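Numbering (full-length UniProt numbering), first residue to last: 1 to 549.
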């Protein structure tokens, strides 16, 4: 992948903001290169910050193809084989906000933990997913000598002691990336007397592809007069937006009393075991004037839906518009969402990604693009991006792009379209999705809406590619299986469905899904997707039996 190292300099204030980031870019076009160089004064950045692309499943390195694969009209079989090349050329999922190693200008104002928290055993426990979170930080806007407000971490729990040098350096980069995503607007802030708190999330992607979730709540700190907002941010490897929103409610309640009240609650939470789907964990916490409280945190039963809330998606878009966006996402296209509120961008983009279950979006995924990273919209590879409306004019590259305006005062929902979005999905299956979505009630609970959405979109993949396991050949020596792609799509009787599946086989999300299947032993699969496949196959058998009689 290409790694572009950008140093942003504020010439007007004669100082270097010195926020550096690594933006991975593959097959960067000459025009994109020139535009980034012109904006940031870079020279030969592709030559300086580059590494060979990661290999395919066999671990071998391969050069990414430089041609535009979408312009070639291959034969039926060549089209499927060429999917592997396309997937290599679009492996761009290792976005990582990486910042330089300058020290934070002001030390943390409060450090409430009385002793080091991490030990080797606890670190292993956290990495295995048994901790609720890695740490909580408070990001405040501090006024610099030049008069601009810059985000700085003023509180961190726990303080991680006993780290070696490279661990400290990596943590420092992560913490500075957090400040960037907590205040993506940059340094253009002014003191406020009123500010409606909002909760949103972002994803920090490591070089190895692993992801950590950032949950953020911004609010106006206590005080009198005009003051800038501050952000509470929790970093966790666990994806469960609703659960962490409730945790923020408890943190905010204690913050109104004293910062010192946050520590015992977060310490109790950190020591608690993360519940299995559908289970509840109870945390004891003391609050002055109220005594000891029992806080119940319940994890949703459907774990694949626990990090999303579909209500915002269906509030902003009609059923037909949601299906159109889903179709573009299935084909791994470039999609930009525009909104004023950070929470709207965050919730909608995560909801769209969840519609792809059991497949996972493998490309660039930035729920809220920080202003200093806005050039990422010029990348030629697939992405899901959330852009604040005030930056909409900077989305200038409008070729092969879908731009979705989520604003309440919008004139048009789709500002830019390719034009074929309505014809991507097989018509019959598209109508079935819309029919299922009509069962949605106007005032549905989160659980009710999740149920309707899963019953609408999951059967689509069951009916199109649910027979995949029948075409994975395995030998008796325990070697990985081999997916017979040509035989797989040739068996589909519907012409429109077969045409869709042939294209879907070229996506990276399907490729990685089938690679995992090939590596698994020939045993009954688990999970809701496989359960739905079995139910569908049994239903078809019953229908055939009725026709015979």
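Idealized CB from N, CA, C, for every residue including glycine.
Values in this document were obtained by computation on a predicted structure and should not be read as measured data.
The beta carbon of residue 286 is closer than 8 Å to those of 264, 292 and 293 in its chain, skipping five residues each way along the sequence. Annotated three-state conformation of residue 425 is coil, per DSSP. Rounded to whole angstroms, the separation of the alpha carbons of residue 327 and residue 425 is 6 Å. Considered as a whole, the segment 239–310 harbours 280–287 and 291–298 as its complete beta strand (DSSP E) runs of no fewer than 3 residues, in chain order. Its chain contains 385 as the residues whose beta carbon lies nearer than 6 Å to that of residue 366, once the 5 sequence neighbours on both sides are disregarded; these appear in chain order.
Judged by DSSP in its simplified three-state form, residue 199 adopts strand. Under the Cβ criterion (8 Å, minimum of three pairs), the segment 402–412 does not count as touching the segment 356–373. Between residue 474 and residue 481, the C-beta gap is smaller than 8 Å, which places the two residues in contact.
Of 372, 347, 153 and 338, the smallest CA-CA separation from residue 242 is found for 347. Counting C-beta pairs closer than 8 Å gives three or more between the segment 333–346 and the segment 195–209, which meets the contact rule. Secondary structure within the segment 158–217: the beta strand (DSSP E) runs of 3 or more consecutive residues, fully enclosed, are 198–205 (chain order). In chain order, 464, 465, 489 and 492 place their CB closer than 7 Å to the CB of residue 501, counting only its own chain and leaving out the 5 sequence neighbours on each side. Residue burial annotation: residue 254 is buried, with at least 16 other C-beta atoms found within 10 angstroms of its C-beta. The C-beta of residue 352 has 16 or more other C-beta atoms within 10 Å across all chains shown, which makes the residue buried. Between the segment 314–330 and the segment 363–377 there are fewer than three C-beta pairs closer than 8 Å, too few to call the two in contact.
Using a 10 angstroms sphere on the CB of residue 186, the tally of other CB atoms reaches 16 or more, which defines it as buried.
Annotation for residue 532: the continuous alpha helix (DSSP H) segment containing it runs 528–548. Remark: C-beta atoms of residue 172 and residue 160 do not approach each other more closely than 8 Å. Nearest neighbour of residue 267 by Cα position, chosen from 133, 169 and 333, turns out to be 133. Here residue 342 carries a helix assignment [DSSP, helix/strand/coil].
Counting only residues of its own chain and dropping the five nearest sequence neighbours on each side, residue 389 has a CB closer than 7 Å to the CB of 338, 339, 340 and 407. In the three-state reduction of the DSSP assignment, residue 497 falls in the helix class, which pools H, G and I. The Cβ-Cβ distance between residue 235 and residue 251 does not fall below 8 Å. Ranked by Cα distance from residue 437, the options 401, 349 and 310 are led by 310. Taking C-beta separations shorter than 7 Å and ignoring five residues to either side along the sequence, the partners of residue 308 in its chain run 241, 350, 351 and 354, following chain order. Under DSSP, residue 334 forms a beta bridge with 383 and 401. Excluding its 5 nearest sequence neighbours in each direction, residue 288 has C-beta neighbours in its own chain below 8 Å: 257 and 261, listed in chain order. By the 16-neighbour rule on beta-carbons within 10 angstroms, residue 192 is exposed. Annotation for residue 510: the continuous alpha helix (DSSP H) segment containing it runs 508–519. Sequence-distant Cβ neighbours of residue 144 in its own chain, meaning closer than 7 Å and more than five residues away, are 150. Here residue 459 carries a helix assignment [DSSP, helix/strand/coil]. For residue 427, the closest of 212, 320, 397 and 450 by C-alpha to C-alpha distance is 320. In this structure, DSSP gives residue 227 an extended state, which the three-state scheme calls strand. In this chain, the beta strand (DSSP E) harbouring residue 140 covers 135–143.
In this structure, the alpha-carbon of residue 472 lies about 17 Å from that of residue 461. In this chain, the alpha helix (DSSP H) harbouring residue 488 covers 485–490.
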